[in-house]
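Here the protein sequences come in this chain order: P and R. Here the numbering used here is used: the first sequence runs in plain steps of one and ends on residue 493. Here the numbering used here is used: the second sequence runs in plain steps of one and ends on residue 569.
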Amino acid sequence: MNTGAGIHRPVVRVGARRHVPAVEEVTYVPFASGPSPQWPDAGDDFADHARAAWPRLVAVALWLTEDADAAEELARRTLVRVCARWRRIPRDDVDFHVRRCLVRGFLRRRRPGGRRRAVLVLRHGEGLTETEIAQVLGCSVGAVRAWVRRAEKEAGAEERRAGFAALLAGTVPPPVPLDGIRRDGALRRRRRAGVAAAGCALLLAPPAALALGSLTGGGATGAAEVPDLPEPGPMRLVAPGERVQAAEGVEIWLTPDGPHWSSPQGPGRFRPVRDGNLDRTRPGVSVLGEELSDGSYFRTGVYHGLRGEPARVEVRLDGRTVTANVLTLAGSPGWGVWYVRTPPTDSRTGHPDSGTGRTASRTGHPDSGTGRTDSRTGHPDSRTGQPDSRTGQPDPRFERHPVFPTGRPGFPTERAEPAVDAVLPGAAPAVTVYDAAGDVLVRSDAGPAVARPVPVGAWRS
Amino acid sequence: MRRPEAVGRLLRRSPDRPRVPLRIRLRRGRGRWLRRLLVTFAVLLAAVCGAAVVAYRLTGIPEPHPETVVQSTVFVDADGSYLGRRGPVDRQEVPLSQVPRHVQDAVIAAENRSFRTDSGVSPRAVARAVWATVSGGAPQGGSTITQQYVKNALLSPERSLTRKAREALIAIKLDRTRGKDEILEGYLNTVYFGRGAAGVQAAARNYFDVAPQDLTVSQGAALAAIVNIPSYYEKAGSDPEVTAKLRHRWEWVLDAMEAGGGITEAQRRQARFPAFRFYPPGETEGQRQYLIDVAAKEAAGRLGITEDQLARGGYTVHTTFDLALQDATAEAVENHAEESGGGAVRTHTAVVGIEPGDGAVRVLYGGADYARQPFNDAVSGAVEAGSVLDPFEGVRLDGPLRGLHGSTAPTPLRLASAYAAVAADGVHAAPRTVARITREGRSVHTARPGTRRVLDEKGAFVVTSRAHERSAGWSGTGPYVAAGAGGDGGDGGPGAFFTAGAGGGVARRTVWSVGYDSRLAVTVALFADRPGPKKGTTVPAHLPDEPSPTGYAEQLAGEVWEAASGP
């Protein structure tokens with residue numbers, strides 16, 4: 033390599049220094065900060081710098097290792113490392129970094145006694161100050177001073193210098209293997225980048241996974257799919273014998289035998305559901321009415337024998353749909369009690385009743401044939417009342433629309449007799465029991481059984 | 003650069019070398035400084051870790067907090083229906099095997115999804131809670147189930163950072179020393195569910211009136227949703243707003259359960275928001291406290307502990323009462339009381355129904371309202387016997403009934419047991435109200451009938467035939483005698499129905515109505531009192547004439563009989 037031959041001369045010149053060992057220490061300062069004569073400023077070009085530094089590197093490596101082959105290898109490795117991180121080496125302090133790289137490379141190979149040797153070489157070979165040596169080695173100045181002092185006990189400074197010069201005598205630095213250095217340097221740089229990337233990934237992986245997990249966790253809560261089901265009606269679970277104040281003076285309680293009522297009209301009414309009084313094999317719902325002392329109507333009844341779990345009971349009174357309260361025992365006994373209180377409607381009872389607003393408020397859907405849909409999708413508990421389709425005005429109470437037109441046959445507008453259930457086929461009020469999916473379980477005005485369509489071809493079998 | 007002479011030593015070393023600029027010097031030493039920093043950090047970290055290890059070693063698992071050990075004792079009737087409870091807190095422990103797996107999964111899904119795998123504390127959960135707080139999201143708790151259990155059951159309720167650290171240490175230790183199931187069991191038995199109910203057993207009863215093993219998937223998920231803010235969600239059912247909020251969280255719990263594999267997709271789809279009991283619940287018949295009083299006294303005696311120990315012991319007392327029959331009796335008495343109207347004279351009614359040959363008390367009516375009259379007329383009321391003991395005249399009585407001839411005022415319970423012995427052909431069974439006592443699912447006491455022959459079969463026959471004579475001698479016995487006698491006839495055993503008492507005409511002091519056959523012996527006792535001269539005292543009075551007390555007693559006995567022999 034012609035350039036390699038060209039670089040030889042300065043090294044020879046450096047090596048020639050040993051012929052003038054008596055040179056004043058301070059004058060022999062090859063590495064000053066900033067541009068130095070021995071390590072010409074290479075600018076940004078690594079090749080220039082490497083060519084300029086190579087002989088000196090080999091020489092220092094030789095002092096350190098005391099072996100020509102090892103020295104050349106050490107110098108080459110040093111340049112590979114420098115090449116790999118050339119971009120990050122500050123240009124105003126290249127010599128220091130290269131030297132440090134060299135020393136570190138040496139120390140990496142030779143642990144015992146390595147530091148001592150390095151201190152001696154830097155002090156007497158290179159002629160660095162103790163501060164600079166400390167910076168190169170990454171230790172304290174005091175430690176360097178201690179090393180130097182201990183070494184001086186064995187041999188004086190001049191003696192050392194002579195030794196180093198002798199070591200260098202006759203050695204001819206090999207040409208700088210620039211291509212190999214560049215290739216290895218690039219390889220090393222790539223490898224380092226890969227390792228760094230992997231390290232970062234490892235470091236960032238747990239927090240990222242956590243963030244992702246919490247995000248998806250949050251997403252799961254946020255994206256909770258609420259099934260599009262109709263609003264369930266007010267259902268209340270009661271313990272056996274637990275008294276429920278259904279209305280003024282009306283108490284309802286359930287025992288496993290059946291529902292019990294106590295009202296001003298009749299204390300302690302009992303309707304057993306066990307002993308064949310009700311046909312529990314088929315779905316059915318009964319209706320019972322009673323006029324309360326304040327003129328409002330209290331309506332109740334029992335549903336039984338249902339094929340599914342009831343979720344809502346609606347009472348249709350003269351075109352209005354009311355959601356009834358439901359009481360049931362624990363453990364799906366298959367029957368339950370619905371009750372609802374409706375405002376006074378009869379002209380005979382007359383006086384408007386302020387106490388009925390509560391019950392009326394959970395009603396109030398104009399029924400135009402789609403009452404069921406209305407009340408399911410609509411507002412079951414709007415206290416302001418709904419605009420009446422017929423009058424066009426909010427009408428929280430129902431005086432204007434008689435729930436029970438007088439003269440309609442079959443409905444007990446009079447006092448209901450205790451223990452007599454008025455099951456009213458086809459007459460108001462119509463009571464419908466829905467399950468949670470909105471399907472009709474039983475309807476009081478549809479007869480005792482839901483008529484099932486005969487499937488096509490059923491007659492053949 | 004100015005060089006003062008004082009630094010001549012430096013100058014001698016490098017006289018012609020310019021000083022390295024500070025920036026470069028700092029850069030050269032950067033690695034060293036970084037290394038120092040790293041070492042410092044490492045030492046600090048090691049110190050903290052060491053301190054944590056030492057603290058962990060020094061922290062012991064404390065004994066459960068005394069307040070959380072207390073359980074209440076629950077009384078149930080012969081069918082297992084809830085009668086009432088005694089004790090300072092509404093809590094009973096159940097083994098984890100009695101809590102359905104889906105309820106456990108629901109609680110884990112709602113409170114601490116990584117419970118089965120984490121090590122007592124969950125840094126993830128803490129980080130998520132911190133993140134939620136910082137980012138302003140929905141506030142989340144960072145506590146694992148283990149930590150909550152430690153906080154609820156083992157530590158005193160105070161809030162501080164040291165307590166939090168201690169809690170975490172104990173949680174880790176607990177997790178390493180005990181199984182997950184054990185921790186979950188402790189948690190489920192101590193966590194507060196609102197409505198005064200701690201633990202899943204009381205919660206299942208207060209919200210759904212079921213035993214924990216009967217909880218459905220929907221109900222379990224609802225309970226798990228409640229644990230978050232129990233004092234708010236406890237109004238579920240009665241308050242529409244609370245119900246809607248709870249429903250939202252219930253959906254969330256079910257979704258989490260489905261995501262965690264606790265329930266299948268089909269189960270998720272079929273789940274319907276359950277109906278709740280209201281809180282506070284409706285009132286129950288004032289009778290139950292009488293029954294609990296009697297049963298508690300007997301249960302404590304059988305276990306050889308005080309009633310206070312019983313109340314705190316977490317027992318389940320299975321009584322012999324028939325709650326439906328009891329309620330029917332109370333209703334019948336109440337209806338009659340309304341007919342008889344007011345006045346200064348108060349009529350007392352005591353009803354006792356005993357199973358002959360077994361002694362099990364099925365009905366015990368001893369007063370209308372426990373709050374006004376805690377004294378139980380049926381058990382401790384001495385009612386003048388009058389002619390009701392006449393059938394026993396000249397019949398030799400042994401054992402517990404030995405003194406019956408001489409006693410002028412037996413308690414209704416004693417008289418009922420005497421006629422029950424007659425119904426059982428002379429074999430007396432000590433009246434008992436407790437059938438079985440269990441604790442945490444295990445039986446600790448099973449009562450057996452204490453039977454003893456007190457009169458020979460001939461004597462029993464004599465008593466029954468005399469009683470039959472008496473029933474013929476009284477007027478207006480009506481259809482009830484026929485009903486009672488008819489039942490006897492079909493059964494083939496001894497049986498009678500008659501009414502007797504002390505005094506006669508308008509000066510009737512007591513009325514007894516006794517009916518018995520081989521299945522049940524019913525005794526109705528009527529007496530009256532009126533306010534005495536001093537405040538708070540009463541003196542005996544004559545029974546009011548209208549309506550006829552004998553008719554009332556017979557009718558009542560008949561109604562009880564009818565209710566008992568019904569399906």
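C-beta: ideal position from N, C-alpha, C; glycine also. All figures in this text were calculated on a predicted structure; none of them were measured in a lab.
Closest by C-alpha distance to residue i, when choosing among the options
i: threonine 453 (chain R); options: R:Ala423, R:Leu293 and R:Phe463; result: R:Ala423
i: alanine 426 (chain R); options: R:Ala566, R:Gly461 and R:Phe275; result: R:Gly461
i: aspartate 379 (chain R); options: R:Val526, R:Arg87, R:Ser550 and R:Arg29; result: R:Val526
i: phenylalanine 330 (chain P); options: P:Pro375, P:Val345, P:Ala362 and P:Asp289; result: P:Pro375
i: arginine 521 (chain R); options: R:Phe529, R:Ala498 and R:Val513; result: R:Ala498
i: glycine 265 (chain P); options: R:Arg161, R:Val365 and R:Gly239; result: R:Gly239
i: glycine 188 (chain R); options: R:Pro97, R:Ala134, R:Ser233 and R:Ala387; result: R:Pro97
i: alanine 173 (chain R); options: R:Arg438, R:Val524 and R:Ile63; result: R:Ile63
i: arginine 87 (chain R); options: R:Leu217, R:Glu309, R:Pro214 and R:Lys182; result: R:Glu309
i: glycine 534 (chain R); options: R:Val56, R:Val347, R:Gly359 and R:His104; result: R:Val347
i: leucine 210 (chain P); options: P:Arg83, P:Asp471 and P:Val463; result: P:Arg83
i: tyrosine 554 (chain R); options: R:Glu386, R:Asp257 and R:Ala339; result: R:Ala339
i: valine 541 (chain R); options: R:Asp531, R:Ser550, R:Arg37 and R:Arg93; result: R:Asp531
i: aspartate 177 (chain R); options: R:Leu190, R:Thr119, R:Glu395 and R:Ala224; result: R:Thr119
Cβ separation of residue i and residue j, assumed to be a contact under 8 Å, to the nearest whole Å
i: valine 381 (chain R); j: glycine 401 (chain R); result: Actually they do not touch by this definition, with Cβ atoms about 20 Å apart.
i: threonine 355 (chain P); j: arginine 344 (chain P); result: 6 Å
i: glycine 181 (chain R); j: glutamate 236 (chain R); result: At roughly 31 Å, the Cβ-Cβ gap does not stay under 8 Å, so glycine 181 (chain R) and glutamate 236 (chain R) are not in contact.
Buried or exposed by the 16-neighbour rule on C-beta atoms within 10 Å, applied to residue i
i: glutamine 311 (chain R); result: exposed
i: threonine 110 (chain P); result: buried
i: tryptophan 35 (chain R); result: exposed
i: glutamate 190 (chain P); result: exposed
i: phenylalanine 43 (chain R); result: exposed
i: aspartate 211 (chain R); result: buried
i: valine 45 (chain R); result: exposed
i: proline 67 (chain P); result: The predicted model places proline 67 (chain P) with a pLDDT of 40, which falls under 50 and marks its position as unreliable; any figure quoted below should be read in that light. Exposed.
i: valine 456 (chain R); result: buried
i: tyrosine 335 (chain P); result: buried
i: cysteine 232 (chain P); result: exposed
i: serine 99 (chain R); result: exposed
i: leucine 24 (chain R); result: exposed
i: glutamate 65 (chain R); result: exposed
Run of the beta strand (DSSP E) containing residue i, from where it starts to where it stops
i: glycine 503 (chain R); result: 498-504
i: aspartate 467 (chain P); result: 462-467
i: serine 295 (chain P); result: 290-295
i: glutamine 106 (chain R); result: It is not in any beta strand (DSSP E) - glutamine 106 (chain R) instead sits in the alpha helix (DSSP H) that spans 103-113.
i: histidine 81 (chain P); result: Note, histidine 81 (chain P): premise wrong, no beta strand (DSSP E); alpha helix (DSSP H) at 78-97.
8 Å Cβ cutoff met for residue i and residue j
i: threonine 322 (chain R); j: alanine 80 (chain R); result: yes
i: glutamate 169 (chain R); j: leucine 186 (chain R); result: no
i: serine 325 (chain P); j: proline 296 (chain P); result: yes
i: valine 153 (chain P); j: tryptophan 86 (chain P); result: no
i: serine 83 (chain R); j: leucine 325 (chain R); result: yes
i: alanine 362 (chain P); j: leucine 269 (chain P); result: yes
i: glycine 273 (chain P); j: aspartate 329 (chain R); result: yes
i: valine 229 (chain R); j: valine 193 (chain R); result: yes
i: arginine 165 (chain R); j: glycine 316 (chain R); result: no
i: leucine 320 (chain P); j: glycine 337 (chain P); result: no
i: leucine 366 (chain R); j: leucine 417 (chain R); result: no
i: arginine 314 (chain R); j: glycine 89 (chain R); result: yes
i: threonine 501 (chain R); j: glutamate 556 (chain R); result: yes
i: valine 276 (chain P); j: glycine 405 (chain R); result: no
Range covered by the alpha helix (DSSP H) that runs through residue i
i: proline 242 (chain R); result: 242-261
i: arginine 532 (chain R); result: Segment 523-533 is the beta strand (DSSP E) holding arginine 532 (chain R); no alpha helix (DSSP H) there.
i: glutamine 557 (chain R); result: 551-567
i: tyrosine 151 (chain R); result: 147-151
Within chain A, partners of residue i - CB distance below 8 Å
i: aspartate 125 (chain P); result: As a matter of chain content, chain A is missing from the structure shown, whose protein chains are P and R.
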